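Numbering (my numbering), first residue to last: 26 to 215.
The beta-carbon is built from N, C-alpha and C at its ideal position, and this holds for glycine as well.
Remember, it's a predicted structure, so these values are computed and weren't measured experimentally.
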Amino acid sequence: ACRPPIVFSTRKVGALLSFLALSPQQSASREHLATLLWGNSSEKQARQSLRQALASLRKDVRPYEIVDADAHTVRLRPGAVWVDALELEALAASTDFDALTRAIGLFRGELLAGVAIKEELFETWLRQQRRRFEAIGSDALERYAGCADALGKGQDAIAAVERLLSIVPLREDWQRLALQLYARHRGHNE
């Protein structure tokens with residue numbers, strides 16, 4: 026059954042969940058989270074804001090219990106959330122055509138599109154993650170195009186390289202690949 030999307034009470038609550046979801050072991054220290062999301066506030070106010078955000082997060086995702094926190098660490102419960110970006114990363118590492126097919130299906134544009142939090146540390150982290158996942162998705166598309174071409178799936182290969190060119194239109198190696206695929210699968214006049 027389809028569940029309705031979760032609407033977070035504030036942007037920072039969504040940012041908190043996003044950061045935890047993409048962090049190693051899906052956990053972070055309270056101190057780091059407070060600095061990341063409320064770095065412009067006093068330490069006391071930042072810690073209070075983090076406590077309020079955690080309470081809001083628990084309320085926003087009710088009846089699901091996805092967050093555990095102690096005096097030092099906040100973590101997502103193992104297996105409590107499915108993160109499409111992490112699935113993309115795992116599938117993109119494969120050489121299996123079906124896994125690459127699923128990976129490029131998950132690569133749907135900019136990571137956390139539309140998310141903007143006016144905190145320098147969070148924005149720096151978000152820019153780094155966006156670059157990282159764009160590189161992961163682009164690599165998966167490029168390898169998928171090569172596999173599809175080798176399997177005689179020319180239109181699929183062309184569609185993948187056209188997606189690559191929509192990301193970076195003037196990248197020379199992708200332009201060359203597009204020309205090769207057009208010539209091979211649509212004829213030299215194309």
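query	result
Coarse secondary structure for L136, derived from DSSP in three states	coil
Spatially closest choice to I142 from I31, V38 and V32, by CA coordinates	V38
Assigned exposure category for I183 - 16 Cβ within 10 Å defines buried	buried
Secondary structure of D174, DSSP reduced to three states	helix
Those residues which DSSP pairs with R100 across a bridge	S52 and D93
Cutoff 6 Å; reference G179; Cβ partners in own chain excluding five residues on either side	H210
Of the residues A71, I31 and E167, the one placed nearest R87, counting alpha carbons only	I31
E159 versus G104: straight-line alpha-carbon distance, rounded	25 Å
Short Cβ contact (9 Å threshold) for G162 with F132	yes
Unbroken alpha helix (DSSP H) run spanning R83, endpoints	E68 to D85
Supposed close pair A110, L136 - CB separation, criterion 8 Å	6 Å
Neighbourhood of R155 by C-beta, 7 Å cutoff - its chain only, sequence neighbours within 5 removed	E135 and L136
Identity of the residue in D95, R100 and R76 nearest P49 by Cα	R100
A128 to R72 span [Cα, whole Å]	38 Å
Element boundaries [alpha helix (DSSP H), containing I192]	G179 to I192
Where T149 falls, given that 16 or more other Cβ within 10 Å makes a residue buried	exposed
Contacting residues, own chain, Cβ-Cβ under 8 Å from A173 (five flanking each side not counted)	F122, G179, D181, A182 and A185
Beta-carbon proximity list for L47, same chain, < 8 Å, skipping 5 on both sides	V108, A110, L111 and Q154
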